[in-house]
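All remarks here apply to the structure that follows.
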Amino acid sequence: MADKDPTATQHFVYIEAMKYAPLENIINGSSVPGSLQTLEVTSPVNGELLSSIPLSTAAEVDVSVDAAASAFPEWAALTLRQRCDIFYRYRQLLQENLDELARVCHEENGKTINESKAEVLKAIELTELACSLPNLVSGEVLEVSPGFDCSIQQSPLGVVSCITPFNFPIMVPHWTIPMALALGNTMIFKPSEQVPLSGDRIASLLTEAGLPDGVFNVVHGDRTVVESICDHPQVQAITFVGSTPVAKAVYARATSSYKRALAMGGAKNHLIVMPDADVSHTAANVAASACGCAGQRCMAAATMVAVGDVNHIVSRVVEESRNLVPGQNLGAVISASAKERIEGYITEAEEQGATVLLDGRGTSVEGCEQGTYVGPTVLDNVTPDMSIARAEVFGPVLSIIRTEDLEKAIELENASPYGNAAVVYTQDGQVARQFADQASAGMIGVNVGVPVPREPFGFGGWNDSRFGVGDITGRGSIQFWTQSKKVTSHWVQ
Ligand code: NAD
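Numbering of the sequence shown is given in our numbering, commencing with residue 532 and proceeding in unit increments.
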């Protein structure tokens, strides 16, 4: 933490050394200096000091909510088409700024440039769904009795909030921003303090697209900001994405002050590999699922459940994983403490009897020695009681658990408290159907290692991977961001 006193010599030293200017909050269309307390933002790619953010307080949240509340009546009074026009322009700006956004995402998050570009492309897809809202919410009207018409309209809620994690600095904010705003709400956005630069750029592109001041406000900070948003009486609804303990706490706090809330939590996804699975497709797909985005995905393969004799596939998974080279096609993990945590899980599993088939500990990338990299890791003979089999490791680590049959594999999957994704690799349609019916997860893959539904199918897990009702994206999110108004009319002649 740095003291933001402008007279302090050290302050100028920090600014000189920073790649980007220190960030400020964005409230009512203007950059507003936040609290005196600041937090540095460093790049996991090479340890470079990128910027800093204010650690905002409840007072800054109050000012931002006032701005959003003042902007709401005029914004909500526009037609849906008028609001969507702004998102057509915004979609175009995302496309034009794809390379710049991907570079910033790479620098602050550590994922590769290609993975960062994929995030921007997904953000474009999510914005396109919002642009199609006039076709999705055209309303209903029916003459319910002679001369009496009943109609339904979807009204916005007011001031809402979106709180996001570090692992997808561009995509996850777009799960909610375009939809919530196009439907007429105004917003307080709290990006992860570890990756605040992408959020700052999203705000400037929204302004460039023509979004009126106060409709979208950014408040930087940590837990204090989140709790102030949860407690603020004028905030009507919150979406949160992050780890399960925090998702649970945020859901409880937000709903205890009568807000609408949807909180997505962590995950531990099981990939069941049957002996008849296509060898090369399965091996490449499992390795990519486990190690893509350095394993820092709530949809990542954490556990491969090897059913029967699949040694021929296990050896190919190791080969495929070996082709992922840190600093080239495998990005960094978010921080030194994340690297330490991940390596700790590997060491503990080894001590408890797991076989290390591929070891990513102690990885360093030449020229990026201050970066935080973990190489691809494959552990065999993991047992369900080991902590690596139960905890969300969130690194490029695949644990293999051996089972005799599909029923035992499904039992293992069902025993997980999480429920984001579950996958089966097989060439047998009946096996695929049984698995899809019996797996306890919101997103099922059949020969697809990262079964993220494309829009308009909604994204959402089950169990401890989600608190609240419904999916966070897709058609279902329209219900979350609006309330329905029923109008019954009778015109006396
Ligand atoms: P995190 O829970 O540490 O932080 C998420 C957000 O909560 C951040 O904005 C942070 O500032 C805030 N926060 C942190 N601690 C808090 C506290 N005690 N009280 C209130 N707010 C707090 O998560 P992270 O490490 O940034 O992200 C990784 C996690 O997110 C993983 O568990 C991953 O599985 C999960 N995730 C889930 C989904 C999903 O859809 N289920 C999607 C992406 C990420």
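Don't be surprised by glycine CBs; every beta carbon is placed ideally from N, CA and C. All of these numbers come straight from a predicted model, not from anything done at the bench.
Discussion item. Tell me whether I694, by its Cβ, gets closer than 7 Å to a heavy atom of the ligand NAP.
Written reply: The ligand NAP is not among the ligands present in this structure, which contains only the ligand NAD.
Worksheet item: Cβ atoms of L793 and I1009: under 8 Å apart, would you say?
Response: no
Worksheet entry | Whole-angstrom distance between R614 and A869, CA atom to CA atom | 41 Å
Practice prompt. With Y956 as the anchor, note down where its beta strand (DSSP E) starts and where it stops.
Written response: 952-956
Worksheet item: If you check the beta carbons only, do L554 and H751 fall under 8 Å apart?
Response: yes
Practice prompt. Helix, strand or coil for M974, going by three-state DSSP, please let me know.
Written response: strand
Worksheet item: What are the boundary residues of the beta strand (DSSP E) that A833 is part of?
Response: 832-838
Worksheet item: From P776 to V896, what does the alpha carbon distance come to, in whole angstroms?
Response: 33 Å
Item to complete: Kindly examine the ligand NAD and report whether one of its heavy atoms sits closer than 7 Å to the Cβ of K870.
Response: no
Worksheet item: Comparing the CB of C829 with every heavy atom of the ligand NAD, is any distance shorter than 7 Å?
Response: yes
Item to complete: Could you say which of G950, A946, A972, N978 lies nearest to G960 if we only look at CA atoms?
Response: N978
Discussion item. Mapping the DSSP letters down to three states, classify I558 as helix, strand or coil.
Written reply: strand
Fill in: Completely contained alpha helix (DSSP H) runs for the stretch 596-674, where each covers 4 or more residues
611-627, 629-640, 644-662, 664-667
Practice prompt. Give the DSSP-derived three-state secondary structure of T813 in the structure shown.
Written response: helix
Worksheet item: Taking the Cβ atom as the reference point for each residue, do V592 and I719 lie within a distance shorter than 8 Å?
Response: yes
Worksheet item: Which first and last residues belong to the alpha helix (DSSP H) in which A944 is found?
Response: Here residue 944 turns out to be Glu, not Ala, going by the sequence shown. Residues 937-946.
Discussion item. In whole angstroms, give me the CA-to-CA distance for T540 and E724.
Written reply: Confidence in T540 is poor, its pLDDT being 39 and thus under 50, which makes the residue's placement too unreliable to answer from.
Worksheet item: Start and end of the alpha helix (DSSP H) containing A794?
Response: Unbroken run through A794 is the beta strand (DSSP E), 791-795; no alpha helix (DSSP H).
Worksheet item: How would you call W1022, buried or exposed, if buried means at least 16 neighbouring beta carbons within 10 angstroms?
Response: exposed
Worksheet item: Thinking C-alpha only, which one of T707, E631, L742 is nearest S729?
Response: E631
Worksheet item: Given D520, which residues of its chain have a CB within under 8 Å of its CB, disregarding the five upstream and five downstream residues?
Response: The shown model of the chain, from 532 to 1024, leaves out residue 520, and the question about it has no answer.
Discussion item. Let me confirm a value: R791 is counted as buried when at least 16 other C-beta atoms fall within 10 Å, else exposed. Which label applies?
Written reply: buried
Discussion item. So for K870, helix, strand or coil by DSSP?
Written reply: helix
Worksheet item: Are the CB atoms of V928 and G826 nearer to each other than 8 Å?
Response: yes
Discussion item. Check whether the stretch 686-698 and the stretch 597-607 are in contact - that is, three or more C-beta pairs closer than 8 Å.
Written reply: yes
Discussion item. Between S971, Q965, V757, G1005, which has its C-alpha nearest P984's C-alpha?
Written reply: G1005
Discussion item. Are the CB atoms of D911 and A885 within a distance shorter than 8 Å?
Written reply: yes
Worksheet item: Considering only C-alpha positions, which residue in the set R964, A963, S587 is nearest to S759?
Response: S587
Worksheet item: Taking 7 Å as the cut-off, does the CB of R754 come closer than this to any heavy atom belonging to the ligand NAD?
Response: yes
Worksheet item: Beta carbon of G862: closer than 7 Å to some heavy atom of the ligand NAD?
Response: no
Discussion item. Alpha carbons only, please: which of T903, A768, H801 is nearest the one belonging to A821?
Written reply: H801
Discussion item. What does the alpha-carbon distance come out to for the pair Y904 and C681?
Written reply: 60 Å
Worksheet entry | Span of the alpha helix (DSSP H), counted from its first residue to its last, around C681 | Per DSSP, C681 belongs to no alpha helix (DSSP H); it is in the beta strand (DSSP E), 679-687.
Discussion item. Among T813, A785, S692, P948, whose alpha-carbon lies nearest the alpha-carbon of T957?
Written reply: T813
Practice prompt. Could you tell me if the beta carbon of G884 falls within a distance shorter than 7 Å of some heavy atom in the ligand NAD?
Written response: no
Practice prompt. Identify whether A1033 lies in helix, strand or coil by the three-state DSSP scheme.
Written response: Missing from the structure shown is residue 1033; the chain here goes from 532 to 1024 and no further.
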